[in-house]
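Each remark here refers to the structure printed beneath this line.
Here is the structure:
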């Protein structure tokens with residue numbers, strides 16, 4: 127069996143049934159696999175075969191029932207300044223490695239790093255204000271965390287600032303349909319925002335990059351499809367990726383005539399500028415009045431948005447953390463190899 131094969135390679139897996147009300151803590155780096163409970167009979171050599179039979183008999187289970195589990199995924203932060211720095215490095219590096227292989231990472235290291243810095247910097251300001259009424263060890267522990275996360279925070283914020291500045295400057299008057307609307311107010315501060323800033327789907331539609339804070343939001347998908355299509359700033363700057371068609375309608379494939387319509391799918395690759403064409407395959411777009419099958423360019427119209435923090439907020443956070451740790455960090459300690 128698979129379990130016996132694991133033992134041959136000196137792996138000693140635990141095989142068990144997690145029952146209602148029970149909790150399981152999986153340590154950092156531990157490989158794990160699970161499946162939902164069912165009354166379906168398993169093969170005799172399956173590692174869960176006897177356990178499942180026993181569970182069915184003991185609990186008098188006669189039919190399949192809804193089996194729901196709640197998982198809380200967490201990332202280890204570390205304790206010392208060097209340890210925290212290493213954990214930040216490996217979290218960002220692992221997410222980058224998954225993205226380079228076309229896979230979406232389960233981790234959200236960018237947002238976690240920003241939130242960690244925000245939390246501990248707020249504690250630092252509070253304790254610094256109280257001054258004599260606090261213990262030195264408490265303040266030192268907070269500074270240890272801030273020193274550990276600072277290099278990664280600086281890299282993330284600096285990269286976002288650089289890309290945002292370039293994004294604002296790249297406006298092309300010859301392509302008015304490819305505009306970028308900058309919404310400086312974070313989604314979390316806007317009570318009328320159409321996007322949930324705390325959602326779990328903030329990954330680039332095209333390259334699976336985590337959208338930790340700044341992201342590009344397709345206005346065409348928003349207004350024509352009533353769906354969110356979010357991409358990273360790097361993909362928006364890449365012409366080939368920007369013009370990638372993506373199926374959004376569950377039944378209209380991109381190869382079909384309806385699938386090429388901009389009111390069915392995210393279809394930005396349109397090259398005609400006329401009001402009507404000879405194909406006669408679709409109606410005019412209700413947004414731009416051009417034909418949805420060949421001329422509408424609404425899916426090249428994006429908004430630059432921020433989830434929880436404006437760019438000014440992030441700059442202030444970075445400056446505050448830098449001042450808190452004394453900004454005596456050697457530039458060589460920054461994680462040059464990490465793609466954020």
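In the working numbering, the protein residues as written are 127 to 466. Backbone N, C-alpha and C define an ideal beta-carbon position, used for all residues, glycine too.
#1: Over the uninterrupted alpha helix (DSSP H) stretch that includes residue 159, give me the two end residues.
#2: Please work out which residues of its chain come closer than 7 Å, Cβ to Cβ, to residue 190, disregarding the five sequence neighbours upstream and downstream, and give them in chain order.
#3: Spell out the partners DSSP gives residue 417 in its beta bridges.
#4: Taking Cβ positions, are residue 286 and residue 369 nearer each other than 9 Å?
#5: Pull up the distance between the alpha-carbon of residue 193 and that of residue 162, whole angstroms please.
#6: Answer with buried or exposed for residue 227, where buried requires no fewer than 16 other C-beta atoms within 10 angstroms of its C-beta.
#7: Helix, strand or coil: how does DSSP classify residue 143 here?
#8: Straight-line CA distance for residue 174 to residue 134?
#9: Hey, how far is the Cα of residue 327 from the Cα of residue 231?
#10: Could you check how far apart the C-beta atoms of residue 434 and residue 310 are, in whole angstroms? I think they sit under 8 Å.
#11: What are the start and end residues of the beta strand (DSSP E) that includes residue 340?
#12: Quick one: what's got a C-beta closer than 8 Å to residue 128's C-beta in the same chain, skipping five residues either side?
#13: On the DSSP bridge list, what partners appear for residue 372?
#14: Around the Cβ of residue 431, are there at least 16 other Cβ atoms within 10 angstroms (buried) or fewer (exposed)?
In short, the structure shows the following:
#1: Residue 159 sits at position 33 when you count from the first residue of the chain shown. Careful: residue 159 lies outside any alpha helix (DSSP H) and carries neither H nor E.
#2: Position 64 of the chain shown holds residue 190. Correct list, in chain order: 164, 165.
#3: The count along the chain shown starts at 1 and reaches residue 417 at position 291. DSSP lists 410 as partners of residue 417.
#4: Translated into the one-based positions of the chain shown, residue 286 becomes position 160. Translated into the one-based positions of the chain shown, residue 369 becomes position 243. In this structure, residue 369 does not lie closer than 9 Å to residue 286 by Cβ.
#5: Position 67 of the chain shown, counted from the start, is the residue given in the question as residue 193. Position 36 of the chain shown, counted from the start, is the residue given in the question as residue 162. Each residue's Cα considered, the two are about 6 Å apart.
#6: Along the chain shown, read from residue 1 onward, the residue named residue 227 stands at position 101. By the neighbour-count rule (16 or more Cβ atoms within 10 Å), residue 227 is not buried but exposed.
#7: Mapped onto the chain shown, residue 143 falls at position 17. Three-state result, residue 143: coil.
#8: Here the question's residue 174 lines up with position 48 in the chain shown. Here the question's residue 134 lines up with position 8 in the chain shown. Straight through space, the alpha carbons of residue 134 and residue 174 are spaced by roughly 19 Å.
#9: Locating residue 327 in the chain shown gives position 201, counting from the first residue. Locating residue 231 in the chain shown gives position 105, counting from the first residue. Roughly 11 Å separates the two Cα atoms.
#10: Locating residue 434 in the chain shown gives position 308, counting from the first residue. Locating residue 310 in the chain shown gives position 184, counting from the first residue. The C-beta distance from residue 434 to residue 310 rounds to 13 Å, too long to fall under 8 Å, and the pair is not in contact.
#11: Position 214 of the chain shown, counted from the first residue, corresponds to residue 340. 340-344 is the span of the beta strand (DSSP E), which, as asked, contains residue 340.
#12: Walking along the chain shown from the start, residue 128 turns up at place 2. Closer than 8 Å at Cβ, skipping near neighbours: 173.
#13: Position 246 of the chain shown holds residue 372. Looking at the DSSP output, residue 372 bridges to 392.
#14: Taking the first residue of the chain shown as position 1, residue 431 is located at position 305. Residue 431 is buried by the Cβ-count criterion.
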